[in-house]
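Undergrad: Mind looking over this structure? Questions follow.
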Amino acid sequence: MMKVYNNVIRQPLDTIFYYRDCISFGEILDMKKIAVLSLGILTILFTGCNQKSDTGIFVKAPCPFEVPEGLEESGKFSYGYMKVPEFHKNPDGKTIEVAVAVFKCRSDIATHEPLVLNTGGPGMSNMDNFVPDLFGELGDLLLDNRDVVIIELRGLKYSKPNLFCPEIDNLQMYLVDKNLSIDETMGLYMDTLKVVYNRFKSEGVNLSAFNDYEIADDIVYVMDQFDYQKFSIFGSSFGTLVAQHLLLNHSDHLVSTAMNAVVDINRGLPGMHSNSINRLDSIFSTCENDIELNQAYPDLKNRFLALIKRLNETPETLDVTYAKDGKTYKALLTGNKLAVWVFGFMYWDAQLPSTLHTILSGDYSLISNNPGMMFPLQDFSNGLSLSIILAESSNFADEDIPLDNEYVDFVKGCGTMIFTPYFLNHAKHIWQVNDLQDRNLSIVSEVPTLMFSGELDHVCPPEYATELSKKLKNSYLYIFPGIAHSPIDFGPCGRLMMKEFLDNPTKAPDSSCVQEFHSGFNLPS
């Protein structure tokens, strides 16, 4: 009897020797050899089919977060892994695994297309940022009429492999109490990068597979396996680049896009130094040209830049607590580390004059209580960050690394952060990935798009969103006064506007709450 397995016909071995009395012993041996060879070939075929068949299959796994009782049993939540092609142009080749969390609509029937959420970085975990919130208030907001899917992008914390670099974290902990020059610090970083790069290479990780193009393909691939042919996408900061790559290459799958802290797909991260300098200059100019602010914060720029120089020569020792382990460390505050701290604090601080005024008075309590980027970023995929940026944005122009102006010490200090152009211009000679750069990517789309930008954003200035909105026929842009990097994180306004837009993307959402935000700097209390 003929048997069929995975569309391969398998002949029972007994039938091969059915006429054994009619042939010679030698022929029997030959037939046995043929049978063994045939069995080997079929085994290879079956193995190949099995390897191929598990690509794209969602395999449930224990969720790393505490799941509300009964939610999984009810079928309203599932967590697991899916194998996706390492390179989507080679669908039968090597695979990697991405973690996926699916939240089903709380109603009996979803009336709107599903929503995919992406956070920033690149390197921050989507799971950590969204899953716990979706069990609570965020779920109350979004899950009333749609499914929500969280995909842990390739290289992030819960996907396999993740591109965590504990060697870099260890170096950053070592540097906490050290006073080294920029050259010495960069030398240690480059030596460490060589170790990390070679480790990934020895583990068989192809770092050229970790970029926005493959990530966008992953999202479409995963959603397709769940039979979600159309979906909406939300991206914050780096996540807006993912959304733009979907607009660029997969717009037929998109119902709508929502972006918070919009990055320019062509200028993006290479502008980090120049953007932060421009933002500082704007803040300092505002203080100089306002009588009350100038009296309260006199000569703020020069005093700040002088403090960076002084601390590089004579550092201060601070007792700081690292949130990850709860331990207190003796940290040496150099001018370079102050530059890093200020850059990191500017993501959220819309009152920088007051902050700098406090520090310039000799009060470093803000830094002691919140050391920020003076310590390693928690659960951050540095390897993914390096791979994406160096693949897509490493042809730096002179203006991307401005070293011929009064902010040179600030730029070099910030240059010890691994995602800045100064650092990456060194790292690209070590962390080698395929060049995918094209600074003339043109997105022209009719997909309805909602965009938020903060007036004071020093990484993703509102000009980025303004330029992009001109290319998107059905776009709605809102610039939040007095807000820095992420408007959607400042109260319910942004979230409610996004919800209204997702429910009806053909109409501008009610934006009256944006008027409650105000520009301006406070005077010292």
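Sequential numbering of the sequence shown, starting at 501, is according to the working numbering.
Using N, Cα and C, we set each Cβ at its ideal position, and we do this for glycine too.
Thinking just about the alpha-carbon of each residue, which of Ile777, Tyr864, Phe843 is nearest to the one in Glu816?
TA: Nearest of Ile777, Tyr864, Phe843 to Glu816, Cα basis: Tyr864.
Undergrad: Please list, in chain order, all residues of the same chain as Ala796 whose beta carbon is under 6 Å from its beta carbon, the five residues on each side excluded.
TA: Closer than 6 Å at Cβ, skipping near neighbours: Leu1023, Pro1024.
Undergrad: Cutting at 7 Å between CB atoms, please list the residues of its own chain near Glu792, excluding the five before and the five after it.
TA: Cβ neighbours of Glu792 beyond the five flanking positions: Leu1023.
Undergrad: Evaluate contact between the segment 651-660 and the segment 626-640, counting only Cβ atoms and requiring at least three cross-stretch pairs below 8 Å.
TA: Contact holds: three or more Cβ-Cβ distances are below 8 Å.
Undergrad: Given that a residue counts as buried once 16 or more other Cβ atoms are within 10 Å of its Cβ, and exposed if not, what is Pro585?
TA: Pro585 should be labelled buried.
Undergrad: So, with DSSP's three-state summary, where would you put Met951?
TA: Looking at Met951 - three-state DSSP - the assignment turns out to be strand.
Undergrad: With three or more beta-carbon pairs closer than 8 Å as the criterion, would you say the segment 768-777 touches the segment 904-919?
TA: Taking 8 Å as the limit for Cβ pairs, the verdict is that the segment 904-919 does touch the segment 768-777.
Undergrad: Expressed to the nearest angstrom, what Euclidean distance is found between the alpha-carbon atoms of Ala891 and Glu573?
TA: Those two C-alpha atoms are separated by around 42 Å.
Undergrad: So what does DSSP say about Gly495, is it helix, strand or coil?
TA: Lying before the first or after the last residue shown, residue 495 is absent from the chain, which here runs from 501 to 1025.
Undergrad: Specify, as a first and last residue, the run of the alpha helix (DSSP H) that Tyr922 falls within.
TA: Run containing Tyr922: 921-927, per the alpha helix (DSSP H) assignment.
Undergrad: Run through the DSSP bridge pairs and tell me what Pro585 is partnered with.
TA: BP columns for Pro585 point to Thr595.
Undergrad: Just tell me which of Lys824, Cys787, Ala839 has its CA closest to the CA of Lys809.
TA: The residue with the shortest Cα to Cα distance from Lys809 is Ala839.
Undergrad: Looking only at C-alpha atoms, which of Gly636, Asp724, Pro921, Ser881 sits nearest to Asp669?
TA: For the residues Gly636, Asp724, Pro921, Ser881, the minimum Cα distance to Asp669 belongs to Ser881.
Undergrad: Using only CA atoms, which one of Ser607, Phe664, Glu566 lies nearest to Val631?
TA: It is Glu566 whose Cα lies nearest to the Cα of Val631.
Undergrad: Go ahead and pull the three-state DSSP assignment for Glu572.
TA: Coil at Glu572, not helix or strand.
Undergrad: Is the separation between the beta-carbon of Phe811 and that of Leu780 shorter than 8 Å?
TA: Reading off the sequence shown, one finds Leu at residue 811, where the question assumed Phe. Contact flag unset, no.
Undergrad: Cβ atoms of Pro562 and Ile888: under 8 Å apart, would you say?
TA: Going by C-beta atoms, Ile888 is not nearer than 8 Å to Pro562.
Undergrad: Thinking just about the alpha-carbon of each residue, which of Asp608, Ser1011, Leu1002, His745 is nearest to the one in Pro981?
TA: It is Ser1011 whose Cα lies nearest to the Cα of Pro981.
Undergrad: Under a three-way DSSP split, which group does Ser945 fall into?
TA: It is a strand residue.
Undergrad: Report yes if the C-beta distance between Val755 and Pro1005 is below 8 Å; otherwise report no.
TA: The answer is yes: Cβ separation under 8 Å.
Undergrad: Going along the chain, which residues of its own chain have a beta-carbon closer than 7 Å to the beta-carbon of Ala850, five neighbours each way excluded?
TA: Same-chain partners within the cutoff: Leu956, Gly982, Ile983, Ala984.
Undergrad: Out of Phe990, Gly556, Thr920, Asn618, state which residue places its alpha-carbon closest to the alpha-carbon of His745.
TA: For the residues Phe990, Gly556, Thr920, Asn618, the minimum Cα distance to His745 belongs to Asn618.
Undergrad: Helix, strand or coil: which one does DSSP assign to Thr580?
TA: Looking at the sequence provided, one finds Gly at residue 580 rather than Thr. In this structure, Gly580 counts as strand in the three-state DSSP scheme.
Undergrad: Can you check whether the CB of Ala927 is closer than 8 Å to the CB of Leu663?
TA: Against a cut-off of 8 Å, the Cβ pair of Ala927 and Leu663 comes out as no contact.
Undergrad: Can you give me the Cβ contacts of Asn974 inside the same chain, cut-off strictly under 6 Å, excluding the 5 residues immediately before and after it?
TA: Around Asn974: Glu946, Pro948.
Undergrad: Kindly indicate which residue of Tyr674, Val908, Val602 has the alpha-carbon position closest to the one of Gln725.
TA: Out of Tyr674, Val908, Val602, Val602 has the C-alpha closest to the C-alpha of Gln725.
Undergrad: Suppose you measure from the CA of Lys594 to the CA of Glu667; what does that come to, to the nearest Å?
TA: One C-alpha to the other measures close to 27 Å.
Undergrad: Any beta carbon of chain D sitting closer than 8 Å to that of Asp712?
TA: Note that chain D does not occur in the displayed structure, where there is just one protein chain.
Undergrad: Cα-Cα, which of Arg995, Ala761, Trp931, Trp848 is closest to Leu1089?
TA: Residue 1089 lies beyond the range of the chain shown here (501 to 1025); nothing can be said about it.
Undergrad: To which residues of the same chain is Pro661 closer than 6 Å at the C-beta, ignoring the five residues directly before and after it?
TA: Closer than 6 Å at the Cβ level, and outside the excluded window around Pro661, lie Val705.
Undergrad: For my contact list, Arg995 and Leu748 are in at a C-beta cut-off of 8 Å; report their separation, rounded to the angstrom.
TA: At roughly 26 Å, the Cβ-Cβ gap does not stay under 8 Å, so Arg995 and Leu748 are not in contact.
Undergrad: Residues in its own chain within less than 6 Å of Cys1013 by CB, not counting five upstream and five downstream?
TA: For Cys1013, where only same-chain residues beyond five positions count, the Cβ hits under 6 Å are Cys993.
Undergrad: Roughly how many angstroms lie between the CA atoms of Leu545 and Phe700, to the nearest whole one?
TA: The predicted model places Leu545 with a pLDDT of 40, which falls under 50 and marks its position as unreliable; any figure quoted below should be read in that light. When rounded, the distance between both Cα atoms is 31 Å.
Undergrad: Put Tyr721 into one of helix, strand or coil per three-state DSSP.
TA: Three-state DSSP puts Tyr721 in a helix.
Undergrad: Give the straight-line distance between the Cα atoms of Asn895 and Pro921, rounded to the nearest whole angstrom.
TA: Those two C-alpha atoms are separated by around 10 Å.
Undergrad: When burial is assigned at 16 or more other CB atoms within 10 Å of the CB, is Asp608 buried or exposed?
TA: Exposed.
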